[in-house]
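Enquirer: Just so you know, the sequence shown maps onto residues 1205 to 1494 in my numbering. The structure is given below, and queries will be raised subsequently.
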Amino acid sequence: MTELNGLLDGLVSNPIVGRVGVVIITVIAVLIGIRMLQTVVSRSVKETSARYRIRKLVGFLGYIVLVLVLLAMFSERLGQLTVVFGVAGAGVMGRNHARVLSDIRDVDLTAVFDPDAATAEGVATLYDARAFTRAEDFVAAGLDAAVVATPNRHHAELGVALLEAGIHVLVEKPIAATVVDAQRMIDAARANDRVLMVGQVERFNPAVDAVKRAIDGDDIISIQITRVGPFPPRMGEVGVVIDLAVHDIDIIRHLTDSEITEVQPQLARTKAEREDTALLQFRLANGTIA
């Protein structure tokens, strides 16, 4: 039975393979069952022994029971492929994540966390999820994975708690407010063998993908990126480098497949306590400057 469970788990580890497997097993089982029934009927015509017919019919019924048990076990594991998700932080980005998750097949959005009860309840109600106002209750909600879209200063505390509870984490950028907190999250993911991913969505931008494909195989000499936008209200927590420039830094790393080795920053502050203007120069390991 242990070997059978292992085989079934392997077959359903991929959702597409698992569903195709169910169809194939069902078709084969039906064909074999029909053949067995035909054999029983044809042999029963020739054999007059009631004992023989009973024995064959019992064997046929036993086969049907075995097939049903296998299909039940297979279907149970397919059901386990649904990923139970939660969203922490019901602000603009949290609402976007909740909306997208609710549309993804094999994802079940079951929990929404926000310290503001009305906000949490409002978003949770839209997607038939449970609302939580306490982080510890959200962590204990039986999730497989969670999106952390809270204010930046809470990323590390909540992210580490989720990872230590065995929950995979997609955290909105920046990963954390400080390098120390970021390392705490990375260490927690490694220690608990969980997936930790930062929402660096720009590398999935069709325009960035087109550039990536266009320069494939070429030697990149330099990259120049300019990002200008309105002053964001969240700038009080982190400066423009951590809040926005992380996108450009990730694009540079993505396009060059190389890591940054030197940084020359020029920072200015006009409206916020932290830098809101930045001129950043980088040198990468492969010689590219940006």
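Quick reminder that beta carbons are idealized off the backbone N, C-alpha and C, glycines included.
Since V1343 contacts A1328 with CB under 8 Å, what's their CB separation in whole angstroms?
Expert: Not a contact, Cβ separation roughly 16 Å.
Enquirer: Distance, Cα to Cα, A1393 vs E1361?
Expert: Going by the C-alpha atoms only, they are around 13 Å apart.
Enquirer: Skipping 5 residues on each side, what residues in its chain have a beta carbon closer than 7 Å to that of N1490?
Expert: Same-chain partners within the cutoff: T1460, S1462.
Enquirer: Of all the options M1297, D1310, G1295, which has the alpha carbon lying nearest to the alpha carbon of F1289?
Expert: Closest option to F1289, Cα to Cα, is D1310.
Enquirer: Specify the secondary structure class of A1339 as computed by DSSP and reduced to three states.
Expert: In the structure shown, A1339 sits in a helix (DSSP, three-state: H, G or I).
Enquirer: Under the rule that 16 or more other beta-carbon atoms within 10 Å means buried, what is E1158, buried or exposed?
Expert: Outside the shown range of the chain (1205 to 1494) lies residue 1158, about which nothing can therefore be said.
Enquirer: Out of K1475, Q1470, E1477, G1370, which has the shortest C-alpha to C-alpha gap to Q1485?
Expert: Among K1475, Q1470, E1477, G1370, the Cα nearest to that of Q1485 is on Q1470.
Enquirer: Rounded to whole angstroms, what is the Cα-Cα separation between D1320 and A1302?
Expert: Between D1320 and A1302, the C-alpha separation is close to 17 Å.
Enquirer: Does the beta-carbon of F1435 have 16 or more other beta-carbons within 10 angstroms, so that it is buried, or is it exposed?
Expert: F1435 is exposed by the Cβ-count criterion.
Enquirer: DSSP three-state call for T1314: helix, strand or coil?
Expert: Looking at T1314 - three-state DSSP - the assignment turns out to be strand.
Enquirer: Let's see if you can read the secondary structure: which residues bound the alpha helix (DSSP H) around H1358?
Expert: Per DSSP, H1358 belongs to no alpha helix (DSSP H) and is neither H nor E.
Enquirer: Do L1400 and V1373 have their CB atoms nearer than 8 Å?
Expert: For L1400 and V1373, yes; Cβs fall inside 8 Å.
Enquirer: Which of the three DSSP states, helix, strand or coil, is assigned to S1462?
Expert: Of the three classes helix, strand and coil, the one that applies to S1462 here is coil, per DSSP.
Enquirer: So, helix, strand or coil for Q1485, using DSSP?
Expert: Reduced to three states, the DSSP call for Q1485 is strand.
Enquirer: Ordered along the chain, which non-local residues of its own chain (more than five positions away) have a Cβ less than 8 Å from that of A1449?
Expert: Taken in chain order, the residues that qualify are R1431, A1482, L1484.
Enquirer: Skipping 5 residues on each side, what residues in its chain have a beta carbon closer than 6 Å to that of T1206?
Expert: Summary for T1206: the model assigns pLDDT 43, below 50, so the residue's position carries little reliability, and this model does not support an answer.
Enquirer: Are any of the Cβ atoms in chain C nearer than 8 Å to that of D1461?
Expert: Of the chains in the structure shown, none is chain C; there is only one protein chain.
Enquirer: Identify, in the order they occur along the chain, each residue of the same chain with its Cβ nearer than 8 Å to the Cβ of Q1428, setting aside the five sequence neighbours on each side.
Expert: So the qualifying residues of the chain are A1494.
Enquirer: Please go through the same chain and pick out, in chain order, the residues whose beta-carbon is closer than 7 Å to the beta-carbon of G1363, but skip the five residues on each side of it.
Expert: Excluding sequence neighbours, G1363 sits near V1352, V1373, V1375, M1389.
Enquirer: What ranges does the beta strand (DSSP E) occupy inside the segment 1283–1310, keeping only unbroken runs of at least 3 residues that lie completely in it?
Expert: Runs found: 1287–1292.
Enquirer: Measure the C-alpha to C-alpha separation of L1367 and H1359 and round it to an integer number of angstroms.
Expert: So the alpha carbons of these two residues sit roughly 12 Å apart.
Enquirer: Take D1332 as the anchor and find which of A1315, R1299, T1354 has the nearest alpha-carbon.
Expert: With distances taken between Cα atoms, D1332 lies closest to A1315.
Enquirer: Three-state secondary structure (DSSP) at K1250?
Expert: Here the model assigns K1250 a pLDDT of 49, short of 50, so the residue's position is not dependable and the matter cannot be decided.
Enquirer: Tell me which residues share the same chain as V1442 and place their Cβ nearer than 7 Å to its Cβ, disregarding the 5 neighbours each side in the sequence.
Expert: If we look at V1442 and ignore the five residues flanking it on each side, its Cβ neighbours are N1356, P1378, A1381, R1478.
Enquirer: Ordered along the chain, which non-local residues of its own chain (more than five positions away) have a Cβ less than 8 Å from that of K1250?
Expert: With a pLDDT of only 49 at K1250, under the threshold of 50, the placement of this residue in the model should not be trusted, and no figure is reported.
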